[in-house]
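2 protein chains.
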Amino acid sequence: MKAWFEYNWQVRDEWFEVWDQLPAEELVKERTGGIGSILKTFFHIVDVELSWVRAIEGLEDWEPRFEDYASLDAVRRLSDDCRRQIRGILSTASDLKLRSVVQVSWHEEPLVYEEVLRHVTAHEIHHIGQLSVWAKELNVKRVSANFIDRGLGQSLLQEKHGPQLRGEGRP
Amino acid sequence: MKAWFEYNWQVRDEWFEVWDQLPAEELVKERTGGIGSILKTFFHIVDVELSWVRAIEGLEDWEPRFEDYASLDAVRRLSDDCRRQIRGILSTASDLKLRSVVQVSWHEEPLVYEEVLRHVTAHEIHHIGQLSVWAKELNVKRVSANFIDRGLGQSLLQEKHGPQLRGEGRP
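Residue numbers (this note's numbering), protein chains in the order written: chain A, 1 to 171; chain B, 1001 to 1171.
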């Protein structure tokens, strides 16, 4: 699962660079679809990611308010802080943990730990897709959504089987 | 990986139901972002998915033309046909195969088999995010992008460890 998070974080950081070129008023302008504005969408992605990961770890709920992070720099710092927490948590994600059943306060049914990690992964990719439409409307560069060409193939091999393992050629 | 494909296919089918309610001219209307129209985006998702999966299987390239599938029903039938092929292929996706290095005619660098499956997964979620903006603009129901609440937690457990295994409760 770590490579999925690395993918989303790479893409997110590249979007931060794109938004950095835009006037602040474009970032807070309400738009059709998604969470309403570019900045709110980014805040929402970060908030949702950490909230779910903390919840399935059994950690105290975390409820940041958008009003406290209402600039691109603030959301980026928040994103960096959250990432450090999540990297730490994911570094302990054994197969046994990924298969464990978890209960989250805001969701009635039990869930599988990895199911939640995938939920968070899909959540960000989905919102980034929405943002890409807004970027096209704004005529700004769009970040590639490609999973390939990000060095993640090697991460996948290392994640599963340690850094020594190399992929086998296909027959 | 199978649960990711099942996720995308569930979401895709739910969107087919939504688009079925729209007049045909809305489906072919050119829009900002993505592949240009709702129908072209759906065709593109199906085309890209099967092309990559066939390529990493070493199967002959497959190049359907949009002109041959220019209605919602035709794209849905294409989607169903492709899904059957891909289900068959994924059913043979052992860990060894997922880690294998593959070469695809349209991509210079070698890739890891699972890296490509993830690329295809993210590709569809990204485009569905774009479609959700258009759906909001059209004031039609938007399909949930949630990975949870789709029965995929159990699929994950079965995928990895056979149908008998149950998740363990967290401490």
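The C-beta atom is built at its ideal place from N, Cα and C for all residues, glycine as well.
Return the residue from the list the options that minimises the CA-CA distance to residue i.
i         : options                                    : result
Leu1131/B : Ile1089/B, Ala1145/B, Gln1158/B, Glu1067/B : Ala1145/B
Gly36/A   : His1123/B, Glu1159/B, Val1133/B            : Val1133/B
Leu78/A   : Ile89/A, Pro110/A, Glu63/A                 : Glu63/A
Arg1099/B : Leu156/A, Val18/A, Glu17/A                 : Leu156/A
Ile1056/B : Ala1135/B, His1119/B, Gln1103/B            : Gln1103/B
Gln1021/B : Leu1138/B, Tyr1113/B, Leu1152/B, Glu1114/B : Leu1138/B
His1119/B : Val1048/B, Tyr1007/B, Phe1147/B, Val1075/B : Val1048/B
Lys2/A    : Arg1150/B, Phe1043/B, Phe1147/B, Glu1115/B : Glu1115/B
Val1112/B : Gly151/A, Val18/A, Tyr7/A                  : Gly151/A
Arg1065/B : Ala1093/B, Asn1008/B, Leu1039/B            : Leu1039/B
Pro1023/B : Glu1109/B, Glu1067/B, Val1140/B            : Val1140/B
Phe147/A  : Trp1015/B, Glu1124/B, Ala1135/B, Ile1148/B : Glu1124/B
His1107/B : Val1046/B, Glu1026/B, Ser1051/B            : Ser1051/B
Tyr1007/B : Thr121/A, Lys136/A, Val28/A, Asp73/A       : Thr121/A
Glu67/A   : Glu109/A, Val28/A, Asp61/A, Phe16/A        : Val28/A
Leu1072/B : Ala1135/B, Val1018/B, Lys1136/B            : Val1018/B
Residues of chain B with a CB under 9 Å from the CB of residue i: which are they?
i       : result
Gly34/A : Gly1129, Ser1132, Val1133, Lys1136
Can you tell me whether residue i is helix, strand or coil according to DSSP?
i         : result
Gln21/A   : coil
Val11/A   : helix
Leu1059/B : coil
Val1075/B : helix
Val1104/B : strand
Asp68/A   : helix
Met1/A    : coil
Val1143/B : coil
Arg1083/B : helix
Thr1121/B : helix
Glu1159/B : helix
Ser1091/B : coil
Leu1152/B : helix
Pro1136/B : According to the sequence as given, residue 1136/B is Lys; it is not Pro. Reduced to three states, the DSSP call for Lys1136/B is helix.
Gly1129/B : helix
Glu1030/B : coil
Glu6/A    : helix
Between which residues of its own chain and residue i is the CB-CB distance below 6 Å, once the five residues before and five after are set aside?
i         : result
Gly58/A   : none
Ile1086/B : Val1053
Gly153/A  : none
Leu90/A   : Lys2
Going by beta carbon distance, what residues of the same chain come within less than 7 Å of residue i, once the five residues before and after it are set aside?
i         : result
Val1011/B : Ile1128, Val1143, Ala1145
Tyr1069/B : Phe1043, Val1075, Leu1078
Asp13/A   : none
Gly167/A  : Only weak support exists for where Gly167/A lies, its pLDDT of 38 falling under 50; the value from the coordinates is given anyway. Taken in chain order, the residues that qualify are Leu157.
Gly169/A  : Only weak support exists for where Gly169/A lies, its pLDDT of 32 falling under 50; the value from the coordinates is given anyway. Nothing meets the Cβ criterion.
Trp1009/B : Arg1083
Along the chain, where does the alpha helix (DSSP H) that runs through residue i open and close?
i         : result
Leu50/A   : 38-56
Glu1108/B : Run containing Glu1108/B: none in the alpha helix (DSSP H); it sits in the beta strand (DSSP E), 1107-1112.
Lys97/A   : 95-98
Sorted by chain position, which residues of the same chain lie with C-beta nearer than 8 Å to residue i's C-beta, five sequence neighbours on each side aside?
i         : result
Thr1041/B : Gly1034, Ile1035, His1127, Gln1130, Leu1131
Leu165/A  : Unreliable positioning characterises Leu165/A in this predicted model, as indicated by a pLDDT of 36, which lies under 50. A coordinate reading is not provided.
Glu1030/B : Gly1036, Ser1037
Trp4/A    : Leu117, Arg118, Thr121
Glu1026/B : Ile1038, Leu1138
What does residue i reach in chain B if we use C-beta pairs closer than 7 Å?
i        : result
Gly153/A : Leu1111, Val1112, Glu1115
Phe147/A : Glu1115, Arg1118, His1119, Ala1122
Arg12/A  : None at all; the shortest Cβ gap to chain B is about 13 Å.
Counting only Cβ pairs nearer than 7 Å, list the residues of chain A close to residue i.
i         : result
Leu1156/B : Val112, Glu114, Glu115
Arg1087/B : In chain order: nothing, as chain A lies at least about 19 Å away.
Arg1054/B : Near Arg1054/B there are no residues of chain A at all, since even the closest Cβ is about 13 Å away, more than 7 Å.
Along chain A, in chain order, which residues have C-beta atoms closer than 8 Å to that of residue i?
i         : result
Ile1125/B : Ala122, Ile125, His126, Gly129
Tyr1007/B : Arg118, Ala122
Val1084/B : The sequence as given places Arg at residue 1084/B; Val does not occur at that position. Those do not exist, as Arg1084/B stays about 23 Å from chain A at its closest Cβ, beyond 8 Å.
In chain C, which residues lie with their C-beta within 9 Å of the C-beta of residue i?
i       : result
Arg76/A : Among the protein chains in the structure shown, which are A and B, there is no chain C.
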